[in-house]
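Residue numbers (the UniProt record's numbering): 1 to 191. Report on one structure; see the data block that follows.
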């Protein structure tokens with residue numbers, strides 16, 4: 001079953017979690033990450049308290065992993081907007097080319113981290129598998145073109161991965177949607 005695509009505002013969706021692709025090294029949010037950080041400050045992996053050792057073994061921000069922020073808290077009974085940061089790229093921007101280990105502003109990635117298109121897709125798929133293991137997961141929302149805007153990925157590849165993820169999650173009765181923003185004055189884009 002392909003993932004359900006809807007037109008609407010991802011940041012106002014009713015799904016249990018919003019997923020965004022994040023990088024492992026920068027200390028500022030851009031694009032969708034900036035909008036999420038502004039609306040849901042608890043989910044900002046780029047803020048000052050999260051910046052120390054970004055992109056190193058000490059940070060926890062390792063390509064192919066996730067950081068689940070917000071959601072229900074058993075201790076307090078309170079709930080914050082659930083946001084999942086899927087570390088699907090080591091550095092910001094477009095995928096690297098060539099066999100050299102990735103570097104960003106003088107910071108060198110771990111050996112074997114090239115941060116090319118192939119690795120980014122592997123990391124994205126690994127992150128999806130981690131998301132599938134979140135206890136109590138009921139519904140999840142992704143932005144249309146995740147990993148493709150500022151990150152420069154190929155939407156056909158990411159869309160296929162999301163369709164496969166949606167099929168796997170349907171077996172667990174988890175709803176998966178992709179939100180496509182509607183530009184003001186443009187209608188919903190349907191014919």
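Every residue, glycine too, gets a C-beta built ideally from N, C-alpha and C. The structure displayed is predicted, hence computed values, not measured ones.
Would you kindly report the start and end of the unbroken beta strand (DSSP E) that includes residue i?
i	result
residue 81	79-89
residue 105	Element bounds for residue 105: n/a, residue is neither H nor E.
residue 18	17-23
residue 175	175-180
Take the Cβ of residue i as the centre, count every other Cβ of all protein chains shown within 10 Å, and call the residue buried at 16 or more, exposed below.
i	result
residue 26	buried
residue 34	exposed
residue 166	buried
residue 156	exposed
residue 105	exposed
residue 177	buried
residue 28	exposed
residue 193	The structure shown does not extend to residue 193, since the chain is modelled only from 1 to 191, so the question has no answer here.
residue 41	exposed
residue 129	exposed
Can you find the residues in the same chain that come closer than 6 Å, C-beta to C-beta, to residue i, ignoring five residues on each side of it along the sequence?
i	result
residue 23	89, 91, 92
residue 186	Because the pLDDT of residue 186 is 46, which lies under 50, any placement of that residue in the model is unreliable, and the number read from its coordinates should be weighed accordingly. Counting only Cβ-Cβ distances below 6 Å, and skipping sequence neighbours, we find nothing.
Beta-carbon within less than 8 Å of residue i's beta-carbon, same chain only, minus the 5 sequence neighbours each way: which residues are those?
i	result
residue 114	96, 98, 99, 100, 101, 102
Could you pull out every residue in the same chain whose Cβ sits closer than 7 Å to the Cβ of residue i, ignoring the five residues on either side in sequence?
i	result
residue 111	101
residue 2	163, 166
Nearest by alpha-carbon distance to residue i: which of the options is it?
i	options	result
residue 121	138, 132, 94	94
residue 4	87, 119, 70, 144	144
What are the uninterrupted segments assigned as beta strand (DSSP E) that are 3 or more residues long and contained completely in the stretch 127-168, given in chain order? Counting only runs of 3 or more, we get 139-143.
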